[in-house]
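Enquirer:
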Amino acid sequence: MTPKSFNHFHHVAIIFQIYAIKTDGILVNEEKIKVQELLNEWVNDSDETRNILIESSNFLAEYDKKNSDKITDLLNHSANQILEAGVFSESNLTSILADLKDIALADSDEMSDNEEMFITYLAELWGIEL
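For what it's worth, our numbering labels the leading residue of the sequence shown as 519, then goes sequentially.
Following this line, the structure appears as structure tokens:
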């Protein structure tokens, strides 16, 4: 489904971007900045972070054009790829969920129902109790 060159950080980036775009239908500059900042905390290399974001956002845009009704399939795929990579502990996965909350709060003082449902859904996929 995703390019073979994508690693676990690409899948984190895809999840961050789906969350930022699809939960409220709008990607604002504050969210873009927050996504890049949070992803860079995981990658710890600003050039690599930028490349991952470019590659994943280009892929996501193309996927969304052709399969907008199947975005949940991509979310599930990326969530599973993160688990299968075996590099993230449960506390890391919980931190990714916390990062999603930070993305939500980048453009608003409170989380929407859609944002909360997204986090709950992802937590269930990963077997994490909130």
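Quick reminder that beta carbons are idealized off the backbone N, C-alpha and C, glycines included. Only a predicted model underlies this, so the values are computations on that prediction, with no experimental measurement involved.
Cutting at 7 Å between CB atoms, please list the residues of its own chain near residue 552, excluding the five before and the five after it.
Expert: Only 620, 621, 624 meet the Cβ criterion.
Enquirer: How should residue 603 be labelled, buried or exposed, when 16 other C-beta atoms within 10 angstroms of its C-beta is the threshold for buried?
Expert: Exposed, because fewer than 16 other Cβ atoms sit within 10 Å of the Cβ of residue 603.
Enquirer: Between residue 533 and residue 630, is the Cβ-Cβ spacing less than 8 Å?
Expert: No. Outside cutoff.
Enquirer: So, is residue 574 buried or exposed, given that buried needs 16 or more other C-beta atoms within 10 angstroms?
Expert: Residue 574 comes out buried.
Enquirer: Can you tell me which of the three DSSP states residue 627 falls into?
Expert: The answer is coil: DSSP assigns residue 627 none of H, G, I, E or B.
Enquirer: Is it buried or exposed, residue 605, if we count other Cβ atoms within 10 angstroms and call 16 or more buried?
Expert: The residue is exposed, with fewer than 16 neighbouring Cβ atoms inside 10 Å.
Enquirer: What is the rounded straight-line gap between the Cα of residue 538 and the Cα of residue 601?
Expert: For residue 538 and residue 601, the distance between alpha carbons rounds to 21 Å.
Enquirer: Would you kindly work out how many angstroms separate the C-alpha atoms of residue 650 and residue 634, rounded to a whole number?
Expert: This structure leaves residue 650 out entirely; the chain is present only between 519 and 648.
Enquirer: Label residue 563 either buried or exposed according to how many other C-beta atoms from any shown protein chain fall within 10 Å of its C-beta, with 16 as the threshold for buried.
Expert: By the 10 Å Cβ count, residue 563 comes out exposed.
Enquirer: Would a check of beta-carbon distances place residue 529 closer than 8 Å to chain B?
Expert: The structure shown has no chain B; it contains just one protein chain.
Enquirer: Roughly how many angstroms lie between the CA atoms of residue 583 and residue 525, to the nearest whole one?
Expert: Computed Cα separation, rounded: 23 Å.
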